[in-house]
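First to last, the sequence lines map onto chains A and B. Count along the first sequence from 1, add 19, and you get the number used in my numbering. Count along the second sequence from 1, add 113, and you get the number used in my numbering. Structure record follows, encoded as structure tokens.
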Amino acid sequence: MNWPSFDAFVAMGGYGLYVWGSFAVCALAFAVELLALRQRRKALQALPPADAAGQGAGA
Amino acid sequence: MNWFKYAAPQRFHPLAGRAVPWFGVAAVLLAVAGLAIALLVAPTDFQQGDAYRIIFIHVPAAWMSMVLYMAMAFWAAMGLVFNARLASMLALALAPTGALMTFLALWTGALWGKPTWGTWWVWDARLTSELILLFLYIGFMSLHAAIDDERRADRAAAVLALVGAVNVPIIYFSVQWWNTLHQGSSVKLGGSSMAAIMLVGMLLMTLAFWMYSFAVVLARARCIILERERHAAWAQGALA
Numbered sequence: 020m021n022w023p024s025f026d027a028f029v030a031m032g033g034y035g036l037y038v039w040g041s042f043a044v045c046a047l048a049f050a051v052e053l054l055a056l057r058q059r060r061k062a063l064q065a066l067p068p069a070d071a072a073g074q075g076a077g078a
Numbered sequence: 114m115n116w117f118k119y120a121a122p123q124r125f126h127p128l129a130g131r132a133v134p135w136f137g138v139a140a141v142l143l144a145v146a147g148l149a150i151a152l153l154v155a156p157t158d159f160q161q162g163d164a165y166r167i168i169f170i171h172v173p174a175a176w177m178s179m180v181l182y183m184a185m186a187f188w189a190a191m192g193l194v195f196n197a198r199l200a201s202m203l204a205l206a207l208a209p210t211g212a213l214m215t216f217l218a219l220w221t222g223a224l225w226g227k228p229t230w231g232t233w234w235v236w237d238a239r240l241t242s243e244l245i246l247l248f249l250y251i252g253f254m255s256l257h258a259a260i261d262d263e264r265r266a267d268r269a270a271a272v273l274a275l276v277g278a279v280n281v282p283i284i285y286f287s288v289q290w291w292n293t294l295h296q297g298s299s300v301k302l303g304g305s306s307m308a309a310i311m312l313v314g315m316l317l318m319t320l321a322f323w324m325y326s327f328a329v330v331l332a333r334a335r336c337i338i339l340e341r342e343r344h345a346a347w348a349q350g351a352l353a
């Protein structure tokens, strides 16, 4: 363990804003991606069933 | 085992569905171990203080941004050359995660640059070519979304992906070819300029990012398959 106290851990030697700003945005980005994927999977059920007109010519 | 049979979306869909949870669990376990080393165990750097800890997500994100682009260009090319629908769907599934990794590489890089270089951004070759990579991902997705016919969209976007692939070696070698503020690579086969524990933490985080990407891309590919193939009887069964 590198840290003498929890405060030191949070402060990151004075670089807390940069370090936690990096890790937090990273975690947030993954969370948003996972949520968006969940929404997309749920939306599949609501899609109208494809009919002949909806099919692209190259399908 | 005949892998080509999984080129059929109908066969690939359940296979990917079985793989996603395993990649997800692996990503979580690797991330827990990697974060423990990155934030708790690894010692403070004698030059950069604790700001260097950004490396544990910056480098994995930057590596993945390039790896995912090459994978996207590869599958886009497969879709273009062999007229393989599943390959094109995989390319499309890779793009958002690749763009996300590119954004994270740029974001964490800015937050690392400020305390170590004194600036959030500089137009040097490494940073600029990585920004171009983000635009290539966005361009790929926008172009695909702009064309109604799916297979035409696949082909047009594939051409863009292939032309843009030239940017990846430019990113990788930019620190050697040009004088950049960005440092050269610290990790080399047969002798890295990093303490062993830092290297282990970074490799664990890289594997975690890799497993996460597998899980998310396969899950997204499953969505794309059902969105496109829902006219088929098997897809109706999978949706029910």
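The beta carbon of each residue, even a glycine, is placed where N, CA and C say it ideally should be. Quantities reported herein were computed from a predicted structural model and do not represent experimental measurements.
Contact of Phe49 (chain A) with chain B is assigned, a C-beta pair being separated by under 8 Å. Spanning the alpha carbons of Val138 (chain B) and Ala321 (chain B) requires a straight line of approximately 10 Å. In the three-state reduction of the DSSP assignment, Asp158 (chain B) falls in the strand class, which pools E and B. Around Gly162 (chain B), the beta-carbon contacts reaching into chain A at under 9 Å are Met31, Gly32, Gly33 and Tyr34. In this structure, the CA atom of Ala266 (chain B) is about 13 Å from the CA atom of Asn196 (chain B). By the Cβ-count criterion, Met20 (chain A) is exposed, with fewer than 16 other Cβ atoms from all chains shown falling within 10 Å of its own Cβ. Within the stretch 265-344 of chain B, the complete alpha helix (DSSP H) segments at least 4 residues long are 280-290 and 309-342, listed from N- to C-terminus. Taking the beta carbon of Val154 (chain B) as reference, the chain A residues within 9 Å of it are Met20 and Asn21, listed in sequence order.
Sequence-ordered contacts of the stretch 218-234 of chain B with chain A read Trp220, Thr221, Leu224, Trp225, Lys227 and Pro228 [C-beta pairs closer than 8 Å]. Gln123 (chain B) and Met183 (chain B) have their C-alpha atoms spaced approximately 25 Å apart. Take Leu275 (chain B), set aside five residues on each side of it, and the residues of its chain with a beta-carbon closer than 7 Å to its own are Ala186, Ala189 and Ala190, in chain order. Assigned with DSSP and collapsed to three states, Ala164 (chain B) falls in helix.
Residues Thr157 of the same chain have their beta carbon placed closer than 6 Å to that of Asp163 (chain B), with the five preceding and five following residues left out of the count.
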